[in-house]
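As structure tokens, the structure follows; a few thoughts come after it.
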Amino acid sequence: MYELGVGCAQLKERGAGPLGVACCHPAGGEAMDGRVLGTVSVKGEGGKQALGTRKPAALFALLVTSPGCRCSREEIADALYPGETGVDGRVDRVVTDLRKVLGGEVLPHAGKSGFVTLNAPAGSTDYLRFRESWQRASELPPPEQFALIRAALEEWSEDGEPLRGLLGKGFELRRERMLEDRVAAVCALLEAAWKARYSGLLEEESEKWYARLPQRMRIFQYYLIAHGRRMSGEELERLVGQWVVDTGTTPDPQLQTVIDRLRGAAPQSTATVLPPIPRQLIADVPDPIGQDDLLRSLVEYISEERRAGRMPLIFLTGMAGVGKSTLAYHLAKLVVDQFPGGAFVRELNGFSDNDLGPADPEPILDGLLAELAPYSDAVGLEAKSGAFRTASAHRSLLLVLDDAFSTKQVLPLLPGSGNCAVIITSRRELGGLCSGRKVRRREVELLTDHAALEVLQKEVSQKDRETYAIAFGELVELCGNLPLALTVVERRLRYEPRNSIPDLVRDMKMERRRLEELDRPDHELSMLVALTCSARVLSKEARLLLWQLGIHPGPSITWHAVKDLGVAGGGMRAERVLGELVAANLVMFRSDRYQLHDLVRAFARHHVSPTTAEVGSTVEAEATEELTAGQAAIRKATVRQVLEHQLQNAWAWDRMLDDQRLLHIGEPVGVHVIEPADLDQALEYLDNEYPTLRQGVELAFNERLDRYMWMLPMALVPYQWRRRHLTDASTDLNRAADIAETVASPVECAMVRRMQAGTQWRLGNYHLAAAQLKRAVRLSEQDESPSGRLSLARSLYALGITLRKGESRESAEDKLRQALELSRELLDLVGEAAALNAIGALLNDRGDHAEAHRLCEEALRVVERTTDHRCRADVLFTLAKVQIARDERAHGVELLHRACDLFRAQEYWPDEDKTRRHLADVLISSGDTSAAVLELERVQMLREQMKGTDVQEIRELLEGLR
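Residue numbers (the working numbering): 129 to 1090.
Put into structure tokens, the structure is as follows:
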């Protein structure tokens, strides 16, 4: 029998506070003394007090019993003035009255946060002392655990009624929760007494607590463990029978095990009955929605590894709020029956919102060893880790290590037996965990839209689901399919009217308010707190880069673009720091690009400071005038660096699509430019980067940066034409034209107008295109230089082919012949071929097929002296139409095929679509329907890729031909 270990007196002798908790008090004042485990009272500065059921005392009790000692003003109003409205002023007075008692350091002003926070000094309040001692005891060896819990329970009043006299539902719920805490602590006390082999103390404490709480099953269980060995069979049956009648319940498996052992055991003088095998899994964990396949695969993996004699080691990682812990606990519940030796859960506190920091593995090992008799007296982390491996070697144990901070924290806690299994969760990538051991790593993914809706609509009727279907879909998108965010919203909707859903959607669409809407008073349901905990442990450079990535327009960013952010970040090696953010699951790496979840982006923009360690508070990243000079300078440099990188690269890729345009953007300085090897690579870059470039255009306009407001849209136009992003092009160019008029040369302004016209031309708005081109002609005429003359030639050509579409054929021919003359004067072969081709098309419209044929043949000879495949394909298309008009159908079909091949090779989708559609008509008219079907199938695919609205026409035509 061990002697009682470290008692309360010994703890006090070591210089600790009343319960071994070091006390600190506000400087310059008396020690605060708060009590809520009975009649409420608090004594503050200068002996001032708040007592009993008065409002200041009630507010104090409310804060002490809330998570983080923090309440919203709405919670305070509901608790102190239930059912009343218009009480804001009264709440203010109560807060002020309590601040007079405690002082501004303990109860600071809330500012605009809407929350009231109590900075309770350590050891200053009975309930907080009780909870801290009880929780700390869980990681101690049984003797010290017993002493600490016993002392903690002495904080309670004799009658055991906390918050005495405080009425209302809010306080009643808190009172019930506090009483449950006491019961749990009593059970932990009795269990520690048994493990420490304190037979006498177990008898004494179980008798005392059974007398006070006779209906509690676990306390009755320990009472039987301590006293049942001395009972006769008749006494035992009478006691158990009476307990069943009094409580109206039947013994659970744990209690029944104790009763069965007593029934079969002879009376003993010293031995006690062994308690049940530990089963520490959390009972009320909700089922993880949308994770059935992952759970099934992990259950199968555990079974397979155990059959092979290996220890299953599962590592679940992912961003904050993605549901790692829920998944781990549910997985443990599914497989716990495979582990008869017991199931243990240890919270490693890696990213918690308290100030304790990551849990030390040594006290955790003390707690685990205490569960596995015989009790070990090993000293030091290494020795205790070895003792745990020895103790677990012949047991079949399941261990859940939740919220790990590092590999160094986890490794000492791993069993050494193939009979055991371990499930680990962490927001960080624990790279060292996989070294030398087999680990099943799984990144927990975001929910599908269907599963996300299922989370949101748990308590929603079918009628409301249909009524607010659009709003629910928007909420899923605004929550980013993230389980924690969805759960916060779902909990809100339980207590808010359904007609408030549109208001919630509206508020969450404002990015700077989104995380505030997802921050509930209960910190376990707060996206803001979850992300703050992830960011708090980052290095200074990583926080700066996270903030810069928030400024980056998104939705994704390339590795080279990240490197360029380092220039704006004071020359930091951004690509190295990026690894820290990826390992923390704050940045995702997908398909050679880096992404921020939308909620992480909102957090980075509005709740991270680029120059201080502050995270979590509101930092208005978009209101430059509200930033410090240093923050504003970094922000300005970051925005310019982002946009310069986009402009230089977009222009490099654009030149591969259209080398006839000239945009004077200057040489790249301080940015990496990826020069594409060929057209295919340029288009691939643009396909991947286009959503980000579009966001860059918006950033440029939001920041009012003239250079990028007109140049960046201009660099995108040829790509937008090829991919039929015509609405985007029209929107951006309309804004760019206004800016260009104020900062660009007449020739550059003329080019913008031609791009506007080309966009309208492709939209079928020929009169609008002609108006822009007339302005381009006038602008070009202002510059007599060769570049001005070339601009005039191109503007006249574009105006000519547009007027032809508008039936102004005589004027069209005049403009085209002027363009031809200027092109020959400037030795512009592509311009000459284009003008000849356009005049040939005009003559073909009039029926002058011979002259049209001569001009188009000449255009073909000219363009073949260049490398411009687009112009060559245009000439072939016109020449084919002329040949068909001259009844030379076979030759015309051949030319159309050549034009299609050129357009396809250059990925000019709209022109290939037009040419193949014309070729199909020719083939149908000549009776070759099988060949026509092949062409139309390609047209259908092109229109689907361009998201065209006229796909159905082709489908119907194909159905008629097949």
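The beta-carbon is built from N, C-alpha and C at its ideal position, and this holds for glycine as well. In this text, all values refer to a predicted model and were calculated from it rather than measured experimentally.
- For T930, the enclosing alpha helix (DSSP H) stretches over residues P914 to K933.
- Of the residues T553, S200, L476 and F467, the one whose Cα lies closest to the Cα of S520 is F467.
- Residue environment: V583 is assigned as buried (16 or more neighbouring CB atoms within 10 Å of its CB, all protein chains considered).
- Per DSSP, the continuous alpha helix (DSSP H) segment holding E644 begins and ends at E639 to E645.
- Cβ atoms of R718 and I685 stay farther apart than 8 Å, at about 11 Å.
- By a beta-carbon distance limit of 8 Å, L706 contacts V715. Their separation comes to about 7 Å.
- With respect to A448, N713 sits close: the two C-beta atoms are nearer than 9 Å.
- Sequence-distant partners of V427 (beyond 5 residues in either direction) whose C-beta falls short of 8 Å from its own C-beta, in its chain, are L459, L462 and V463.
- Under a 10 Å Cβ-count criterion, H773 is classified as buried, with 16 or more other Cβ atoms of the shown protein chains found around its own Cβ.
- Secondary structure note for S654: it is in no alpha helix (DSSP H), with a DSSP letter that is neither H nor E.
- At the C-beta level, E490 and F472 stay beyond 9 Å of one another.
- For I410, there is no enclosing beta strand (DSSP E), since its DSSP letter is neither H nor E.
- Three or more Cβ pairs closer than 8 Å define a contact, and the region 319–331 falls short of that threshold against the region 284–301.
- Excluding five sequence positions before and after H680, the CB atoms of its chain that fall closer than 6 Å to its own CB belong to V770, given in chain order.
- Inclusion of A579 and R642 in the CB contact set at 9 Å is not warranted, their separation being larger than that value.
- Residue ranges of uninterrupted beta strand (DSSP E) with 3 or more members, entirely inside the region 556–641 and ordered along the chain, are 568–571.
- For I551, no alpha helix (DSSP H) encloses it; the enclosing beta strand (DSSP E) starts and ends at A549 to S554.
- A distance below 9 Å separates the beta carbons of L276 and L268.
- The region 1069–1083 and the region 1030–1041 touch, with no fewer than 3 CB-CB distances between them shorter than 8 Å.
- For E475, the enclosing beta strand (DSSP E) begins and ends at G470 to E475.
- Within the DSSP bridge table, the entry for L724 names no partner.
- In the DSSP annotation of this structure, the continuous segment of the alpha helix (DSSP H) that includes F1005 starts and ends at H997 to A1013.
- The alpha-carbon of E335 is positioned some 14 Å away from that of M345.
- Judged by DSSP secondary structure, K171 falls within the beta strand (DSSP E) whose first and last residues are S169 to K171.
- Taking C-beta separations shorter than 6 Å and ignoring five residues to either side along the sequence, the partners of L230 in its chain run G172, following chain order.
- Contact between G180 and V170 is absent: CB atoms are separated by about 11 Å, not below the 8 Å threshold.
- The Cβ-Cβ distance between L1070 and L1089 does not fall below 9 Å.
- In the same chain as R1014, and ignoring 5 residues on each side of it, the C-beta atoms closer than 6 Å to its own belong to H977, in chain order.
- By DSSP's assignment, F258 forms no beta bridge with any residue.
- For the pair of segments examined, the region 280–291 was found to touch the region 246–265: the number of CB pairs separated by less than 8 Å reaches three.
- Per DSSP, the beta bridge partners of C199 are V244.
- From the listed residues L988, R1066 and A980, the smallest Cα separation to G959 is found for L988.
- Assigned with DSSP and collapsed to three states, I685 falls in strand.
- For the pair of segments examined, the region 833–846 was found to touch the region 788–803: the number of CB pairs separated by less than 8 Å reaches three.
- Our two residues, H522 and P540, have alpha carbons roughly 18 Å apart in a direct line.
- For M1069, the three-state secondary structure derived from DSSP is helix.
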